[in-house]
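Participant: First the structure, then my questions, so here it is.
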Amino acid sequence: GRGMTRHRMVPFRGTLPLVLPGVSAQLTSTRLRRNTSVGTPFWMAPEVIACEQQLDSSYDARCDAWSLGITAIELGDGDPPLADLHPMRALFKIPRNPPPTLQQPELWSSEFNDFINKCLTKDYEKRPTVSSLLQHDFIKQIEGKENVLQRQLMEFIDVHQQMGAVSLYLYVDDLATLEVLDENTVTEQLQKSYAKDQIYTYVGDILIAVNPFRNVDIYSSQHSKLYIGAKRTANPPHIFAVADIGYQSMVTYNSDQCIVISGESGAGKTQSAHLLVQQLTVLGKANNRTLQEKILQVNNLVEAFGNAGTIINDNSSRFGKYLEMKFTCGGTVVGAQISEYLLEKSRVVHQAVGEKNFHIFYYIYAGLAEKKKLAHYKLPEYRPPRYLQNDHFRIVQDFMNNSFYKSQFELIEQCFKVIGFTLEELGSVYSVLAAILNVGNIEFSAVVSEHMIDKSNISNPVALENCASLLCIQADELQEALTSHCVVTRGETIIRPNTVEKATDVRDAMAKALYGRLFSWIVNRINTLLKPDKHLSDDGLNIGILDIFGFENFKKNSFEQLCINIANEQIQFYFNQHVFAWEQNEYLYEGVDARVIEYEDNRPLLDMFLQKPMGLLSLLDEESRFPQATDQTLVEKFEDNLKSKYFWRPKRVDLTFGIYHYAGKVLYNASGFLAKNRDTLPADIVLLLRSSENNLIRQLVTHPLTKTGIAIVVIFLLSFSSLHTDHRDTGHHPRETTSMKTQTVASYFRYSLMDLLSKMVVGQPHFVRCIKPNNDRQANKFDKEKVLVQLRYTGILETARIRRQGYSHRILFANFIKRYYLICYKTNDDPPVSPETCAAILEKAHLDNWVLGKTKVFLKYYHVEQLNLMRKETVDRIILIQAYVRGWLGSRRYKKIKEQREQSAIKIQSAYRGFVARKEYQNAKHNQKIEKYIIRLQASKNCLLSWFLMFYRNKIR
Ligand SMILES: Nc1ncnc2c1ncn2[C@@H]1O[C@H](COP(=O)(O)OP(=O)(O)OP(=O)(O)O)[C@@H](O)[C@H]1O
Ligand SMILES: [Mg+2]
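Under mature numbering (1 follows the signal peptide of the UniProt record, and there is no 0), the letters of the sequence shown match residues -25 to -1, 1 to 932, in that order.
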């Protein structure tokens, strides 16, 4: 029944109503025919249909045996035979066809097949009666087990109904099987499914997930079991099925897999990633319970540090995450590894209106308050630290007493412990977080010295003391590092004061760096703790899950958005390659020329960003190395060098440039680009932190970590050689050049993007496209326009477009013939299912440019329009003829019935007169006896009635 919206018979509390009211009521006039269940056309026995047309033939109650057989098939296959035919055509076919059977008889027991066989004996004279069918082996095996079986059946139905698996309706669950794959059809299908809580849909090998914005009960352990090793068509589409396909392919082909989840903010990527990990842990049958628990905690932990509340999503990921689950080649999960990309560090020091800082800050406030440890970590108990102040939180109590934050704190502490962090490490993590909040509270005031140089002073020494104590460094040294910097000019070391503005920048840079490095350290520590044993991982396999930030386009877009969007551009390219290959494979398989396929290749755009030496990122790096460069010179450099139709500069808008991304055009503001790209933490701060007595803090500044956890030597080692240069004084320094080059965010970003891709390309890809049905986070609200836009830019409709350009319709030979044979053949012809038949039909329709594959007819959309038109004309003609014939048959039948009735009336009259006479006689004779009899009859009738009611109530309940 895939592809059709139709009733499916659902056993009712384990019982099944066998009497199907239908045309019998109108047909029957004889005693034998009364109360049979001849039903609707699909259930009608051949003789019933014949009888409808010629009154001299007849039928009896054995037509119910036929209906029973059809019902049995429907229960097995989900549809009665011929269900996809027009009912009138079914009526035509049933008497002519051989008796129907189950679609795949070999899947069923021989008793069941034989039972159906017996029921569906075409010659009703030879067909067994219902009472003799009760003696059939298939029925006999139930004897004595009715209750048990019924209970089992009910349990089965319960399980399925809870899961929504057996719903009354079936939906298209693979959009790729739609013969028409255009914007409207796809959106409508998604909407229909969504209305029935079916949030998942396949498009070929891609899974679309529409965010339900409420809990849907489809992730229980029962569901989990249902999707293990199951055929894709056996269950409704599900994210668990993607996990299963990935896992099975990994084990079968001995190859790495990669699941790419994409979609805009709040579309459900992170949730999907969780569900995948959950199912993969089940599949990986981690017999090691602790390992299983550890893996399940990883996401929660990193998300406490990397996620934050935004206007769009209360739990928005502010970093990209690639989680690899490690398996033995036998498929047992043995470990995990996480890579993080582009944490939005700027959030630590500043949040836009209506947004929040990273979750963990609020968690520790509530958690440490509960444990009376705020003072220990020197966290202010009245005014919230500056970094946490916003409209939501005016006083500390607002988040200190928040019970959700408290419980999250417990949860995160538990995660740390389960994964294997020591208590000492945990304490250090809290210290660093508290230090960051205290750093933010340090305030500066201007001091004008006699030399007229702007100097700054720290106006609140308490915050400074707190911070120094938490970081285990000297307060006066911290003050110095914040308010002055050290330069070397012509061999001489000079200390220069920082202006208030500069000091504030240094302060915030320190907070951001500490947080970013703490995050990397945690990720790295997790990787160490979840690293599989050497002997297990040697020839192991892995499944990577990429939960990357979605495409972003805000009112003001900065460097962060540029990086995020380039990453998405890269993922889109990867997606295109794959979809293109997939499309091409079908053409190849069908032996069809694939040259027609064209698609929007974003390769030139990617080149514009990533090419060396003239790509946008290279230009940015180059400009970042020029001390005199400004954001203005940067934009001019872009304009002069990027000769691409994807780049443009709006006139008269300073510092603004535009990019035509695959997902739409975005205006970027280059203000702050250079500073953000340099992302420098002054060497004085680095040196100071290295003197910390806290192990963790020293580690944070000693071994900057790459995404994969390999320590790389960058500027920090260089700073040891004590060569700090002040650009303004000395200009370009060669050694600075190399170090700067290693350090820029852009080069680091390019490196991580390549690193990510290198991991992804070795694996077989699977795609999950998350769709946000509305902007209000509301359940049951499907904003068609909103969905359409996402479908368009995520490339789902790109696929549709590819299909339209090529052969938009590919129809299986059998389906094609069934639908269009009327154009070329007579109604009662039954042409063979073959390419020749298809060709005959197409030629008769005077169409050209179509192609026959091995199993399918490949058509252009206008072919189908033409064919549908011709089919409609033919059908209209047939209906007209049928109407005439039916009219004629009807009048003939009416005449006959009238004659019969006249005769019957005479017979009934005489019989009735005889009956009345006999009754009067008996009444007189047995008056007393009958009175007694009536009383008895009433008693038993009541009994029968109450039994019936009880039975019926049971059925309903
Ligand atoms: N399968 C689901 N069932 C129920 N609710 C869901 C599901 N998927 C998503 N949600 C809801 O949508 C919210 C946002 O989802 P999620 O955080 O996964 O989005 P995201 O795509 O990761 O966004 P971002 O890019 O901002 O990180 C979740 O917090 C949850 O409330
Ligand atoms: Mg997310």
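The beta-carbon is built from N, C-alpha and C at its ideal position, and this holds for glycine as well.
1) Let me know the secondary structure DSSP gives SER420 once reduced to three states.
2) CA-CA distance, ASP35 and GLU100?
3) Within the continuous alpha helix (DSSP H) that includes ILE598, where are the two ends?
4) Taking only three categories from DSSP, how would you classify VAL371?
5) Just verifying my parser: in three-state terms, what is the DSSP assignment at PHE742?
6) Where does ALA488 fall in DSSP's three states?
7) Please determine if the segment 279 to 292 and the segment 230 to 240 are in contact, where contact requires at least 3 C-beta pairs separated by less than 8 Å.
8) Do the segment 716 to 732 and the segment 216 to 235 make contact, defined as three or more Cβ pairs closer than 8 Å?
9) Express the C-alpha separation of ALA170 and TYR723 in angstroms, rounding to a whole number.
10) Distance, Cα to Cα, residue 1011 vs PHE529?
11) Whole angstroms is fine: what's the gap from LYS260's alpha carbon to VAL661's?
12) Using the rule of at least 16 other Cβ atoms within 10 Å of the residue's Cβ for burial, across every protein chain shown, is CYS538 buried or exposed?
13) Of the choices LYS612, ASN473, TRP496, whose alpha-carbon is the least far from that of VAL423?
14) Kindly list the residues whose CB is nearer than 7 Å to the CB of VAL720, restricted to its own chain and excluding five residues on each side of it in sequence; keep chain order.
15) Which runs of the alpha helix (DSSP H) at least 4 residues long sit entirely within the segment 197 to 241? Give them in chain order.
16) Measure the alpha-carbon distance for PRO359 versus GLY402 and round it to whole angstroms.
17) Exposed or buried, VAL308, counting other C-beta atoms within 10 Å across all chains shown (16 or more means buried)?
18) Opposite LYS640 in the DSSP bridges: which residues?
19) Which word fits LYS320, buried or exposed, when buried means at least 16 other C-beta atoms lie within 10 angstroms of its C-beta?
20) Can you round the beta-carbon distance between LEU642 and ASN532 to whole angstroms, since I take them to be within the 8 Å contact cut?
21) Is it the case that the CB of residue 939 approaches a heavy atom of ligand 2 more closely than 7 Å?
22) I believe ALA184 touches VAL743 by the beta-carbon criterion, under 8 Å. Please report the beta-carbon distance rounded to the nearest angstrom.
23) In the DSSP assignment, the alpha helix (DSSP H) including GLY342 goes from what residue to what residue?
24) For LYS871 and LEU201, what's the separation of their Cα atoms in angstroms?
25) Which ranges would you report for the beta strand (DSSP E) in the segment 159 to 185 if only whole runs of at least 3 residues count?
26) Considering Cα atoms alone, identify which of VAL371, ILE313, HIS784 is closest to LEU349.
27) Can you give the beta carbon distance from VAL764 to PHE788, rounded, assuming they're within the 8 Å contact cut?
28) Assign ASN288 to one of three DSSP states: helix, strand, or coil.
29) Here's a check: name, in chain order, each residue in its chain whose Cβ is nearer than 7 Å to the Cβ of ARG465, leaving out the five neighbours to either side.
30) Confirm the yes/no value for this check: CB of THR769, any heavy atom of ligand 2, distance under 7 Å.
31) Check whether the segment 409 to 420 touches the segment 483 to 490, counting contact only when three or more Cβ pairs, one atom from each stretch, lie closer than 8 Å.
32) Please report the straight-line C-alpha distance between ILE335 and VAL404, rounded to a whole angstrom.
33) Specify the secondary structure class of LYS530 as computed by DSSP and reduced to three states.
34) Report the residue from ALA450, LEU446, ASP429 whose alpha carbon sits nearest the alpha carbon of ASN435.
35) Spell out the partners DSSP gives PHE833 in its beta bridges.
36) Indicate the three-state DSSP secondary structure (helix, strand or coil) for HIS460 in the structure shown.
Facilitator: Considering the structure as presented:
1) The residue given as residue 420 occupies position 445 in the sequence shown. Three-state DSSP puts SER420 in a strand.
2) Along the sequence shown, read from residue 1 onward, the residue named residue 35 stands at position 60. Along the sequence shown, read from residue 1 onward, the residue named residue 100 stands at position 125. Within the model, the alpha-carbon separation for ASP35 versus GLU100 is close to 9 Å.
3) Residue numbering aside, residue 598 sits at position 623 when the sequence shown is read from its first letter. According to the sequence provided, residue 598 is Glu. The question's Ile does not apply to it. GLU598 -> alpha helix (DSSP H) spans 591 to 600.
4) On the sequence shown, position 396 is the one that residue 371 refers to. Note: VAL371 maps to coil in three-state DSSP.
5) One-based indexing of the sequence shown puts residue 742 at position 767. Collapsing the DSSP output to three states places PHE742 in a strand.
6) Here the question's residue 488 lines up with position 513 in the sequence shown. Here ALA488 sits in helix by DSSP.
7) When Cβ pairs closer than 8 Å are counted between the two stretches, the segment 279 to 292 is seen to touch the segment 230 to 240, the count reaching three or more.
8) The segment 716 to 732, when compared against the segment 216 to 235, does not touch it at the 8 Å Cβ threshold.
9) Within the sequence shown, numbered from 1, the residue matching residue 723 stands at position 748. Within the sequence shown, numbered from 1, the residue matching residue 170 stands at position 195. Each residue's CA atom was taken as its position, placing TYR723 and ALA170 some 44 Å apart.
10) Any question about residue 1011 goes unanswered here, given that the chain covers just -25 to 932.
11) By 1-based counting over the sequence shown, the position of residue 260 is 285. By 1-based counting over the sequence shown, the position of residue 661 is 686. Answer to the nearest angstrom: the Cα atoms are 45 Å apart.
12) To locate residue 538, count along the sequence shown from 1; it is residue 563. Buried, because 16 or more other Cβ atoms sit within 10 Å of the Cβ of CYS538.
13) Within the sequence shown, the letter at position 448 stands for residue 423. For VAL423, the closest C-alpha among the options LYS612, ASN473, TRP496 is that of ASN473.
14) Position 745 of the sequence shown, counted from the start, is the residue given in the question as residue 720. Same-chain partners within the cutoff: LYS651, ASN652, ASP654.
15) Counting only runs of 4+ residues, the alpha helix (DSSP H) found wholly inside the segment 197 to 241 occupies 214 to 228, in chain order.
16) Against the sequence shown, residue 359 aligns to sequence position 384. Against the sequence shown, residue 402 aligns to sequence position 427. Here the alpha carbons of GLY402 and PRO359 stand approximately 21 Å from one another.
17) Walking along the sequence shown from the start, residue 308 turns up at place 333. It counts as buried.
18) For this step, residue 640 is matched to residue 665 along the sequence shown. Looking at the DSSP assignment, LYS640 forms a beta bridge with TYR635.
19) Your numbering for residue 320 matches position 345 in the sequence shown. Under this definition LYS320 is a buried residue.
20) Sequence index remark: in the sequence shown, residue 642 carries index 667 (1-based). Sequence index remark: in the sequence shown, residue 532 carries index 557 (1-based). Contact flag correct, Cβ pair sits at about 6 Å.
21) The structure shown does not extend to residue 939, since the chain spans only -25 to 932, so no value can be given for it.
22) Residue 184 sits at position 209 when you count from the first residue of the sequence shown. Residue 743 sits at position 768 when you count from the first residue of the sequence shown. Beta-carbon to beta-carbon, ALA184 and VAL743 are separated by about 6 Å, close enough to satisfy the 8 Å threshold.
23) Your numbering for residue 342 matches position 367 in the sequence shown. Per DSSP, the unbroken alpha helix (DSSP H) holding GLY342 starts and ends at 334 to 345.
24) Taking the sequence shown and counting its residues from 1, one reaches residue 871 at position 896. Taking the sequence shown and counting its residues from 1, one reaches residue 201 at position 226. Taking the CA atoms as reference points, LYS871 sits about 59 Å from LEU201.
25) If we require 3 residues or more, the beta strand (DSSP E) runs fully inside the segment 159 to 185 come out as 175 to 178, 181 to 185.
26) Translated into positions along the sequence shown, residue 349 becomes position 374. From the listed residues VAL371, ILE313, HIS784, the smallest Cα separation to LEU349 is found for VAL371.
27) Along the sequence shown, read from residue 1 onward, the residue named residue 764 stands at position 789. Along the sequence shown, read from residue 1 onward, the residue named residue 788 stands at position 813. Their Cβ separation, rounded to whole angstroms, is 37 Å, which puts VAL764 and PHE788 out of contact at 8 Å.
28) Your numbering for residue 288 matches position 313 in the sequence shown. In this structure, ASN288 counts as coil in the three-state DSSP scheme.
29) Position 490 of the sequence shown, counted from the first residue, corresponds to residue 465. Contacts found: none.
30) Within the sequence shown, residue 769 is the residue found at index 794, counting from 1. False, no ligand heavy atom lies under 7 Å from that Cβ.
31) Under the Cβ criterion (8 Å, minimum of three pairs), the segment 409 to 420 counts as touching the segment 483 to 490.
32) Looking up residue 335 in the sequence shown gives position 360. Looking up residue 404 in the sequence shown gives position 429. Roughly 11 Å between the two C-alpha positions.
33) Reading the sequence shown from its first residue, position 555 is the one you call residue 530. Residue state, collapsed to three classes: coil.
34) In the sequence shown, residue 435 corresponds to position 460, counting from 1. Ranked by Cα distance from ASN435, the options ALA450, LEU446, ASP429 are led by ALA450.
35) Numbered from its first residue, the sequence shown carries residue 833 at position 858. Beta-bridge pairing by DSSP links PHE833 to ARG785, VAL826.
36) Against the sequence shown, residue 460 aligns to sequence position 485. Strand, per DSSP.
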